[in-house]
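Just below is one structure, and these are the notes that go with it.
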Amino acid sequence: MSLTGQSRLAGVIGWPVSHSRSPRLHGFWLDELGIDGAYVPLAVPPDRLGDALKGLPALGFRGANMTVPYKTAALDACDSLDPAARAIGAVNTIVVGEDGMLAGMNTDAMGFLANLDQESGFRAAGKNAVVLGAGGAARAIAWALADAGAARVTVVNRTPERAEVLAADLGGPLTARPWTALADSLAGADLLVNATSLGMQGKPPLDVDLSPLGADAVVNDIVYTPLKTELLRQARGRGLTVVDGLGMLLHQAVPGFERWFGVTPKVTPALRSFVLEDLTA
Ligand code: NAP
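Read left to right, the sequence shown gives residues 1 to 281 (the working numbering).
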């Protein structure tokens, strides 16, 4: 659709930004929904981040996504933060208000939960979850599970101190366990999430003995390059319900699109195929 003087504008800010899948993802929805708008990649060097964010309202931007390395730096630049961004300590979505103020959100948490629900029907309330990893993604996921009422969220990480800091920061149903206690933690768990970078292209596979998990457990690997990881292959082989990492990436984009462009987009098989084409190209 061609742009007019009324076009709504948003983009993704990163350095570099060429790796971001967000322009393709939002571009699909803009075309599908026939919206007069554009979503553009914005490569902003670190010494210009403050200027770039201050410039968003002046340029008429409705907002932006923040990607590596700016998710933490954006916290201070926002005028307000939603509870997820505040607790997780990272902003991935900024919405420019009518008054020009910047509202920072973290939509990874809701994207994770929405995808898990859509793909497996899993609802966290009262459940027992194990999260592998203690980096940025694990933090968003552990917070999401706790916020959704999980009874227990066990964080297991290679560097145990990072898991302990995460559990202490977020509190509630979170506990930290060392990697050597993984088998114990998996016994009776309803959900296992891999939020480490193990299994990613170029990294070793994640090697976990899944036998302590019950037959009804769900295994979610948030790694999406490749989409079919060794962890998911093993889980499928045991007859467990599996959820891959692409859906979280797609679902986290929904709240931003909705606020910038005024329509709630859907995560459909057609969108998945369109983004997947690019990931496997
Ligand atoms: P991060 O902050 O760098 O954290 C990496 C985590 O992986 C840490 O817990 C680290 O443990 C662990 N790790 C790395 N190498 C390891 C190894 N050899 N053995 C054991 N643990 C290891 O990264 P992140 O941003 O949280 O991302 C983690 C993964 O999630 C990446 O694969 C990323 O692509 C994926 N992700 C997916 C989505 C999605 O939408 N699907 C969104 C965000 C991230 P230590 O603390 O011991 O170093």
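Glycine included, each C-beta is placed from N, C-alpha and C at the ideal position.
- Listed in chain order, the beta strand (DSSP E) elements of length 3 or more contained wholly in the segment 9-52 are 37-43.
- With respect to Pro-160, Trp-143 sits apart: the two C-beta atoms are not nearer than 9 Å.
- The Cβ atoms of Ala-58 and Ala-74 lie no closer than 9 Å to each other.
- Taking the Cβ of Asn-157 as the reference point, at least one heavy atom of the ligand NAP falls within a distance shorter than 8 Å.
- Between the alpha carbons of Arg-24 and Val-275 lies a distance of about 7 Å.
- Short of 6 Å from the beta carbon of Met-248, and not among the five residues preceding or following it, lie these beta carbons of its own chain, in chain order: Gly-111, Phe-112, Asn-115 and Ile-222.
- Contact check for Ala-129 and Arg-152: beta-carbon distance about 7 Å, within the 8 Å limit, so the pair qualifies.
- Cβ-Cβ distances below 6 Å link Gly-172 to Ala-146 in the same chain, with the five nearest sequence neighbours on each side left out; the list follows chain order.
- According to the DSSP assignment, Pro-269 belongs to the alpha helix (DSSP H) that extends over 269-279.
- Here the alpha carbon of Asp-31 sits roughly 11 Å from the alpha carbon of Pro-265.
- Here the segment 1-11 makes no contact with the segment 232-245; the two share fewer than three CB pairs at distances below 8 Å.
- Counting only the Cα atoms, Met-105 lies some 5 Å from Asp-82.
- Taking 9 Å as the cut-off, the beta carbon of Ser-80 is found closer than this to the beta carbon of Leu-102.
- Our two residues, Gly-97 and Pro-212, have alpha carbons roughly 49 Å apart in a direct line.
- Close CB contacts of Arg-21 within its chain, under the 8 Å cut and outside five residues either way in sequence, are with Leu-249, Val-275, Asp-278 and Leu-279 (chain order).
- At least one heavy atom of the ligand NAP sits closer than 8 Å to the Cβ of Met-248.
- In the three-state reduction of the DSSP assignment, Gly-256 falls in the helix class, which pools H, G and I.
- Distance from the C-beta of Lys-228 to the nearest heavy atom of the ligand NAP is not below 8 Å.
- Boundaries for Pro-265: no beta strand (DSSP E) harbours it, and the DSSP string shows neither H nor E there.
- Residue pairing by DSSP leaves Val-208 without any beta bridge partner.
- Within the segment 75-130, the alpha helix (DSSP H) runs of at least 4 residues that lie entirely inside it are, in chain order, 83-88 and 108-120.
- Non-local C-beta neighbours of Gly-239 in its own chain, meaning closer than 8 Å and more than five positions away in sequence, comprise Ala-215, ordered along the chain.
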